[in-house]
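**Student:**
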């Protein structure tokens, strides 16, 4: 593979300009595919409808006196969420997207810290939100996405949009004529906090717009592409790349009913592109092989893969035909999967590509709006998280002999800083560059490789560095391990740090074994320990697992399915 010239999408300076232009260019095309219920069919929502509703909601919010205030937004991925986000940032105030999975006391904390004047919320979260804002006089309005009528300070979303339409008809242009300062804080995004207390990243229109433009120069999102929205939409990865990028490029988004309905929704929406995280990607690949084994077709699949790979060397690509049944399972149109949040096993990436589904990795952080690197559609490496996007610069700080050091970055996509947290800001920047906290290195072609989190590195008494993520990836290849976490223990009777693996068994896979349902806890432990011993054989001594703990529950995770190491380590 050879690199090729960057693409040239239309330039944008802010999200208001982006929406205005997209609504003109793609007015009668679908921007979303939504369902009234799980059993209903997907119905298209047009670009011109999105623009009209954003203008109406924004006009109504400004009329309520919410100009330049902070407005929290919490709910599942749905049309009203998208309208609310754009209706706030494009001329009303500052949006504060919140995780719908948060308990009420954490929502309360973030609403208070951000000093929000209103909360827009889904009906499913009404009780939780009411509890979170109880006694908070600063919250002037609660805007209910599913309410039919107003009830005191709880306003109906649909009524508010109707009011905005009426104001627009009367000539109110305060929202329409709002001038966007691209360098002013307009978004507060609280980080996932997989290490400690969440911090509020302050983002601007320029941050997001520069990221959209730069990512669009790396790979093509086509106007006929349909993206299935699976990840939490409040998260910057899904919000920027799964929602705003599609609006920018004239593509469309189908809202998923939930993780357990992915297969059903893929068959219904027939997506061509999907954003995912490693856990989701690896589970999908594992299920392909599990399904083949159950049907007794795994040997046939291996033979087909060998034939396909041989033919591809001759320039003949029959993957869509040879693996038509697998493609049909995913809707029949899936061509691209982009994984972020953490490293993916390269075997999984290549395995999907051999089946005719291009799977590539990207890398970024909330503080970077979020993308820093991404592989390209026709120039990629399975083990790498890609090439640096055009809007930013990345360096490796204080590299060791292997070239591994902390990844630091600067560019138009880097946040203003952390909201009201000067101590965190002092720690986050060095000579104008943002310290990501991730460790990595570049190869000679400029591809970036992540080795782990700086805070997670286990240092032996001899000064050797152990990257737990590297060992966890090997452990998770075992068919009997669902997930794992490696920690270092300084035991009084040991000369060096002891590496311990906490493991969640894959009970579904174990039960499928002959007699698997009758296995005792001790037998399951012995089976997993046997796999770990095989892994240890290929590891240098200081990287070998010496202790095993079997867990009976999953690890606590962030919204992007990363283990909350800080939380788990303090239990």
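Numbering (this note's numbering), first residue to last: 136 to 706.
Quick reminder that beta carbons are idealized off the backbone N, C-alpha and C, glycines included.
Only a predicted model underlies this, so the values are computations on that prediction, with no experimental measurement involved.
(1) Is residue 144 helix, strand or coil by DSSP?
(2) Mapping the DSSP letters down to three states, classify residue 677 as helix, strand or coil.
(3) Assuming residue 250 contacts residue 228 (C-beta within less than 8 Å), just tell me the rounded distance between them.
(4) Looking at the structure shown, is residue 330 part of a helix, part of a strand, or coil, going by DSSP?
(5) What distance in whole Å lies between the Cβ atoms of residue 544 and residue 708, which are believed to be in contact at a cut-off of 8 Å?
(6) Enumerate, from N- to C-terminal direction, the unbroken alpha helix (DSSP H) stretches of 4 or more residues contained entirely within the region 458-511.
(7) In chain order, what residues of the same chain have a beta carbon less than 8 Å from the beta carbon of residue 512, not counting five sequence neighbours either side?
(8) Return the first residue and the last residue of the alpha helix (DSSP H) that residue 285 is part of.
(9) Hey, residue 362 and residue 406 are a contact pair by Cβ (cut 8 Å); roughly how many whole angstroms apart?
(10) Thinking C-beta only, is residue 523 closer than 8 Å to residue 575?
(11) Going by DSSP in three states, residue 541 sits in which element: helix, strand or coil?
(12) Are the region 162-170 and the region 183-198 touching, with three or more C-beta to C-beta distances below 8 Å?
(13) Leaving out the 5 sequence neighbours to the left and right, which residues in its chain are closer than 8 Å to residue 181 when beta-carbon positions are compared?
(14) Could you check whether residue 610 and residue 619 sit closer than 8 Å to each other, using their CB atoms as the reference points?
(15) Can you name the start and end residues of the alpha helix (DSSP H) that residue 299 belongs to?
(16) Tell me where the beta strand (DSSP E) around residue 413 begins and ends.
(17) Reducing DSSP to helix, strand and coil, say where residue 600 ends up.
(18) What's the C-alpha gap between residue 432 and residue 341?
(19) Is it buried or exposed for residue 176, if we count other Cβ within 10 angstroms and need 16 for buried?
(20) Pick from 284, 383, 283, 203: whose alpha carbon is nearest that of residue 253?
(21) Pull the bridge partners of residue 565 from the DSSP assignment, please.
(22) Taking 8 Å as the cut-off, decide whether the C-beta atoms of residue 271 and residue 246 are in contact.
(23) Along the beta strand (DSSP E) that carries residue 168, what are the first and last residues, could you check?
(24) What are the boundary residues of the beta strand (DSSP E) that residue 205 is part of?
(25) How long is the line joining the alpha carbons of residue 331 and residue 438, rounded to whole angstroms?
(26) I'd like to know whether the C-beta atoms of residue 87 and residue 290 end up nearer to each other than 8 Å.
(27) Which stretch, first to last residue, makes up the beta strand (DSSP E) that contains residue 150?
(28) Give me the Cβ distance between residue 520 and residue 585, rounded to the nearest whole Å; I'm assuming they're in contact under 8 Å.
(29) How big is the Cα-Cα spacing for residue 329 and residue 591?
(30) In whole angstroms, what is the alpha-carbon distance linking residue 335 and residue 157?
(31) How is residue 437 classed by DSSP in three states: helix, strand or coil?
(32) According to DSSP, simplified to helix, strand and coil, what is residue 588?
(33) Taking its Cβ as the centre, do 16 or more other Cβ atoms sit within 10 Å of residue 510, making it buried, or is it exposed?
(34) Within 10 angstroms of its Cβ, does residue 357 collect 16 or more other Cβ (buried), or is it exposed?
(35) Out of 674, 277, 469, which one is the CA nearest neighbour of residue 410?
(36) Go through its chain and collect everything with a Cβ distance to residue 284's Cβ below 6 Å, but skip five positions before and after it.
**Tutor:** Let me lay it out:
(1) In this structure, DSSP gives residue 144 a state outside helix and strand, which the three-state scheme calls coil.
(2) Correct three-state label for residue 677: helix.
(3) Between the beta-carbon of residue 250 and that of residue 228 there is about 11 Å, and that puts the pair past the 8 Å contact cut.
(4) Residue confidence is low: residue 330 scores 43 on pLDDT, short of 50, so the model does not pin down where it sits. Its coordinate-derived value is still stated next. Correct three-state label for residue 330: coil.
(5) The structure shown does not extend to residue 708, since the chain spans only 136 to 706, so no value can be given for it.
(6) Fully enclosed alpha helix (DSSP H) runs of 4 or longer: 459-464, 481-489.
(7) Only residues of its own chain outside the window of five on either side were considered, and among them 354, 355, 471, 493, 495 have a CB closer than 8 Å to the CB of residue 512, listed in chain order.
(8) Note, residue 285: premise wrong, no alpha helix (DSSP H); not H, not E.
(9) So it is a contact: roughly 6 Å between Cβ atoms.
(10) Cβ distance not < 8 Å, so residue 575 and residue 523 don't count as in contact.
(11) Reduced to three states, the DSSP call for residue 541 is strand.
(12) In short, these stretches touch, since the Cβ pair count reaches three.
(13) Answer for residue 181: 162, 163, 164, 165, 166, listed in chain order.
(14) Taking 8 Å as the cut-off, the Cβ atoms of residue 619 and residue 610 count as close.
(15) Residue 299: member of the alpha helix (DSSP H) spanning 292-304, first to last residue.
(16) Where residue 413 is concerned, there is no enclosing beta strand (DSSP E), although the alpha helix (DSSP H) it sits in stretches over 413-429.
(17) Strand, per DSSP.
(18) Between residue 432 and residue 341, the C-alpha separation is close to 51 Å.
(19) In this structure residue 176 is exposed. Its beta-carbon is surrounded by fewer than 16 other beta-carbon atoms within 10 angstroms.
(20) Nearest C-alpha to residue 253 among 284, 383, 283, 203: 203.
(21) Residue pairing by DSSP puts residue 565 in a beta bridge opposite 568.
(22) A Cβ-Cβ contact shorter than 8 Å links residue 271 with residue 246.
(23) Taken as a continuous stretch (DSSP letters only), the beta strand (DSSP E) holding residue 168 covers 165-169.
(24) First-last of the beta strand (DSSP E) with residue 205: 205-209.
(25) The predicted position of residue 331 is uncertain, since its pLDDT is 49 and thus under 50; no value can be drawn from it.
(26) Within the shown structure, residues of the chain are numbered from 136 to 706, placing residue 87 beyond reach of any answer.
(27) Careful: residue 150 lies outside any beta strand (DSSP E), inside the alpha helix (DSSP H) at 150-160.
(28) Sure, about 6 Å apart at Cβ, within 8 Å.
(29) For residue 329, the predicted structure reports a pLDDT of 45, less than 50, and the residue's modelled location is therefore unreliable. A value from the coordinates is still provided. Using only the alpha carbons, I get a separation of about 11 Å.
(30) Going from the Cα of residue 335 to the Cα of residue 157 covers about 30 Å.
(31) Residue 437: helix per DSSP, three-state reduction.
(32) Residue 588: strand per DSSP, three-state reduction.
(33) By the neighbour-count rule (16 or more Cβ atoms within 10 Å), residue 510 is buried.
(34) With a threshold of 16 other beta carbon atoms within 10 Å, residue 357 falls short and is exposed.
(35) With distances taken between Cα atoms, residue 410 lies closest to 469.
(36) Apart from the 5 residues on each side of it in sequence, residue 284 sits with its Cβ closer than 6 Å to the Cβ of 291 in its chain, given in chain order.
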